[in-house]
Amino acid sequence: MKSEIELLFEEKTIEDLSLLTGQCDDSMKIILRILFDSVRDGNLALPLQKELLLSKFNEVIKESSRSTALIDNFFEGLKRDRYSELISNNAEEMKPLVLTHRDDGREFIAFQRYAAVDSRLSEGFRTMLEEKFGEPTLPDNKLIDSEKLKLFFSSTKNSNLEQESALVAPLFNRLTLISGGPGTGKTYIISKLINLLHKLGVAEERIIVGAPTGRAAYRITECIRNSQSVISDDRAKIDIEAQTIHRILNYSPSSNSFGRNEKVRLDADFVIIDEAGMIDAFLMDALLKALPDSSRLILIGDKDQLSPVGCGSSFSWLCDTEKNIVILKKNYRMGSAVAPAAEAVRDGKKADDLLSLFTKTKSIKNEDEVSKMLWIDSSELNEKEIAEILKEWMELYFGNGQSSYIDEVDKLRCDGIDSSNEKIKDLIERSVRSQVLSIYNEGIHGRRNLNDYMMQMYLDSWRDKGQRNLLPPGTPIIILENDYRNELFNGDRGIILNGEKDEKLAAFIRSDTVEFFRLKSLRNYETGFAITVHKSQGSEFENVSLFIQEPFETGANLLTRKILYTGITRAKTNLFLIGNKKNIEKCIAGITHRISCYF
Numbered sequence: 009m010k011s012e013i014e015l016l017f018e019e020k021t022i023e024d025l026s027l028l029t030g031q032c033d034d035s036m037k038i039i040l041r042i043l044f045d046s047v048r049d050g051n052l053a054l055p056l057q058k059e060l061l062l063s064k065f066n067e068v069i070k071e072s073s074r075s076t077a078l079i080d081n082f083f084e085g086l087k088r089d090r091y092s093e094l095i096s097n098n099a100e101e102m103k104p105l106v107l108t109h110r111d112d113g114r115e116f117i118a119f120q121r122y123a124a125v126d127s128r129l130s131e132g133f134r135t136m137l138e139e140k141f142g143e144p145t146l147p148d149n150k151l152i153d154s155e156k157l158k159l160f161f162s163s164t165k166n167s168n169l170e171q172e173s174a175l176v177a178p179l180f181n182r183l184t185l186i187s188g189g190p191g192t193g194k195t196y197i198i199s200k201l202i203n204l205l206h207k208l209g210v211a212e213e214r215i216i217v218g219a220p221t222g223r224a225a226y227r228i229t230e231c232i233r234n235s236q237s238v239i240s241d242d243r244a245k246i247d248i249e250a251q252t253i254h255r256i257l258n259y260s261p262s263s264n265s266f267g268r269n270e271k272v273r274l275d276a277d278f279v280i281i282d283e284a285g286m287i288d289a290f291l292m293d294a295l296l297k298a299l300p301d302s303s304r305l306i307l308i309g310d311k312d313q314l315s316p317v318g319c320g321s322s323f324s325w326l327c328d329t330e331k332n333i334v335i336l337k338k339n340y341r342m343g344s345a346v347a348p349a350a351e352a353v354r355d356g357k358k359a360d361d362l363l364s365l366f367t368k369t370k371s372i373k374n375e376d377e378v379s380k381m382l383w384i385d386s387s388e389l390n391e392k393e394i395a396e397i398l399k400e401w402m403e404l405y406f407g408n409g410q411s412s413y414i415d416e417v418d419k420l421r422c423d424g425i426d427s428s429n430e431k432i433k434d435l436i437e438r439s440v441r442s443q444v445l446s447i448y449n450e451g452i453h454g455r456r457n458l459n460d461y462m463m464q465m466y467l468d469s470w471r472d473k474g475q476r477n478l479l480p481p482g483t484p485i486i487i488l489e490n491d492y493r494n495e496l497f498n499g500d501r502g503i504i505l506n507g508e509k510d511e512k513l514a515a516f517i518r519s520d521t522v523e524f525f526r527l528k529s530l531r532n533y534e535t536g537f538a539i540t541v542h543k544s545q546g547s548e549f550e551n552v553s554l555f556i557q558e559p560f561e562t563g564a565n566l567l568t569r570k571i572l573y574t575g576i577t578r579a580k581t582n583l584f585l586i587g588n589k590k591n592i593e594k595c596i597a598g599i600t601h602r603i604s605c606y607f
């Protein structure tokens with residue numbers, strides 16, 4: 009459901025366009041409303057197909073008595089050029105809308121800003137995909153000694169053809185795509201690629217590694233530093249820190265612009281981006297603008313995961329071309345049952361096939377502790393019983409007891425936080441080891457309600473210790489929007505601690521240390537016992553409870569195959585699926601594809 013602010017913005021825009029051009033008749037106003045709705049769904053354009061427009065008309069306007077006449081009138085207006093002040097056939101022309109004709113006869117309409125970025129991405133990626141090298145080279149056109157490559161791979165233990173293909177592809181292609189599901193070694197590939205480039209003589213300052221979120225960047229940095237593969241002979245350890253794309257491009261919030269752009273390019277020979285599926289069209293456009301003409305771009309992700317929160321789905325569209333792509337299929341997480349469940353969803357298997365991989369239960373206690381895969385049929389439980397499951401979850405992962413999370417936090421509170429960075433770092437990591445996920449923000453099993461339940465349980469645990477505090481130490485929090493002043497980014501995770509005179513502090517991991525912020529200085533955050541599947545992208549957790557509920561509002565059906573796949577693949581070991589079979593079937597059947605004028 010659209011917010012009141014969104015509705016007011018759309019109506020004001022339509023009114024302004026009508027006054028500006030005098031060409032917004034009732035038919036065009038309907039098309040604009042449908043186009044706004046399409047953009048809200050993440051599309052860059054709207055296909056001009058009568059049946060689709062009639063369907064969207066009835067969704068957006070909620071009445072169909074005039075739908076056919078108004079849609080027919082719009083197409084007649086296009087034919088007679090009645091909207092010439094509103095619509096251009098050129099994405100670079102500064103008219104509000106752009107009409108695009110495809111070679112296959114299809115037509116699309118888009119807002120000019122979206123059509124322009126769509127056109128630039130399509131052209132830029134097409135050029136990069138076609139730029140290939142007959143022999144392995146570096147960006148300075150220096151040929152690579154094939155004997156060095158053979159020596160590198162002969163000394164690499166347990167590598168397979170998939171991984172070797174992923175490592176050599178950037179030496180032959182300007183643009184390389186690497187896609188793989190959970191446990192297929194994507195972060196290992198990054199470490200190994202850096203090591204290979206280092207051995208081939210590429211200076212580490214000429215290699216940039218990035219990700220869309222701070223959490224994902226931190227995870228990559230840890231992998232690079234911990235991996236033995238980045239030790240190059242007897243030399244010092246390669247010190248490359250992954251950064252957010254915004255930081256790589258030197259984003260300025262005051263001017264809402266990037267310091268690195270088509271005029272001031274990045275100083276890099278290789279740019280490696282993980283979690284590329286999370287990058288929306290506008291951020292991807294900014295990245296391509298800042299890329300030097302000679303540098304190589306390696307995009308790594310999972311093409312089957314959710315599309316970005318913003319518009320577009322560049323990584324998925326590129327993977328669909330099947331050009332310059334390496335698919336990682338082998339799973340290295342031995343003993344985990346999560347991968348077969350993810351594959352069942354990805355391949356569109358029936359709900360019964362998926363659920364056969366789970367043990368049906370009404371409790372998450374007293375089960376085998378090794379790689380639990382549990383299904384709790386929510387249709388068989390009342391809300392009191394669901395609350396009991398949440399209580400079991402909190403007792404397992406946050407409750408009282410020897411060496412429990414809350415016990416360790418209490419020790420830290422008593423000991424003070426000075427010189428305790430390692431302990432705090434461990435607690436932050438522990439706070440995000442187990443995560444409740446929900447598809448929706450609202451609703452009985454939505455993120456907000458689940459968070460409130462668990463926050464109350466956490467408060468009760470502290471009251472058992474004689475502490476009364478609305479935000480007790482150890483409370484996990486998540487940043488909701490980029491905070492450039494504090495250099496905290498959407499999705500960053502931390503915990504609340506008590507500072508001097510019980511001042512509330514927020515602790516976040518930064519590289520190898522912990523950084524503290526006054527809680528009142530943070531712009532937009534919330535408690536993080538439960539988060540949405542969308543917010544969980546770029547993160548992995550040992551233990552996941554995934555709630556799947558009925559859509560609770562008109563026009564907000566998020567039950568799709570990609571969201572179920574993404575939720576399942578956040579779990580590394582234990583997965584608790586909480587929902588009824590009907591909604592799980594809806595997810596598997598819900599195939600979505602974002603629309604572009606050009607891809």
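Note that our numbering has the sequence shown beginning at 9, numbered continuously upward. All C-beta atoms in this analysis are idealised placements derived from N, C-alpha and C, irrespective of residue type, glycine included. Model, not experiment: these values are computed from the prediction.
The C-alpha of residue 392 lies about 14 Å from the C-alpha of residue 462. At a Cβ-Cβ threshold of 8 Å, residue 398 and residue 552 do not count as neighbours. Residue pairing by DSSP places residue 113 opposite no residue, since no beta bridge is assigned to it.
Residue pairing of residue 502 in beta bridges, as defined by DSSP: 485 and 516. Between the beta-carbon of residue 185 and that of residue 307 there is about 5 Å, and that keeps the pair under the 8 Å contact cut.
Secondary structure of residue 602 (DSSP, three-state): coil. Residue 479 and residue 467 have their alpha carbons spaced roughly 8 Å apart.
Note on residue 171: 16 or more other CB atoms within 10 angstroms of its CB, so buried under the neighbour-count rule. A distance of 8 Å or more separates the beta carbons of residue 282 and residue 246.
For residue 525, the enclosing beta strand (DSSP E) begins and ends at 521-526. In the DSSP secondary-structure assignment, residue 256 is not bridged to any residue.
The residues 454, 455, 540, 557, 559, 560, 564 and 566, in chain order, have a CB closer than 8 Å to that of residue 448 in the same chain once the five nearest residues on each side in sequence are set aside. In the structure shown, the three-state DSSP call for residue 533 is strand. In the DSSP assignment, residue 83 falls within the unbroken alpha helix (DSSP H) covering 75-87. Judged by DSSP secondary structure, residue 550 falls within the beta strand (DSSP E) whose first and last residues are 549-555. Cβ contact annotation for residue 554 (same chain, cutoff 6 Å, sequence separation greater than five): 445, 575 and 585, in chain order. Between residue 159 and residue 152, the C-beta spacing is not below 8 Å.
Assignment of beta strand (DSSP E) within the segment 322-402, counting only whole runs of 3 or more residues, yields 333-336 and 381-384 in chain order. The Cβ-Cβ distance between residue 571 and residue 55 does not fall below 8 Å. Contact between residue 522 and residue 515 is confirmed by a C-beta separation of about 5 Å, below the 8 Å threshold. Under the DSSP assignment, residue 211 falls outside any beta strand (DSSP E); it carries neither an H nor an E label. In terms of Cβ geometry, residue 440 and residue 526 do not form a close pair [threshold 8 Å]. Assignment of residue 35 by DSSP, reduced to helix, strand and coil, places it in the helix class. Residue pairing by DSSP places residue 48 in no beta bridge whatsoever. Where residue 594 is concerned, the enclosing alpha helix (DSSP H) starts and stops at 589-597. Here the alpha carbon of residue 313 sits roughly 10 Å from the alpha carbon of residue 284. Contiguous alpha helix (DSSP H) elements confined to the segment 109-156 occur at 120-138, taking only those with 4 or more residues. Judged by beta-carbon spacing, residue 517 lies within the 8 Å limit of residue 436, meaning their Cβ atoms are closer than that value. By the neighbour-count criterion, in which 16 or more other beta carbons inside 10 Å mark a residue as buried, residue 38 falls on the buried side.
Cα atoms of residue 261 and residue 464: separation of roughly 36 Å, rounded to the nearest angstrom. Residue burial is scored here from C-beta neighbours: residue 234 has fewer than 16 other C-beta atoms within 10 angstroms and is therefore classed as exposed. Closest option to residue 389, judged by alpha-carbon separation, among 368, 380 and 407: 368.
The distance from the Cβ of residue 309 to that of residue 289 is about 15 Å, inconsistent with a contact at the 8 Å cut-off.
Beta-carbon to beta-carbon, residue 18 and residue 41 are separated by about 7 Å, close enough to satisfy the 8 Å threshold. Shown here, residue 417 sits in a helix according to DSSP, grouped into three states.
The continuous stretches of beta strand (DSSP E) do not include residue 566, and DSSP gives it neither H nor E.
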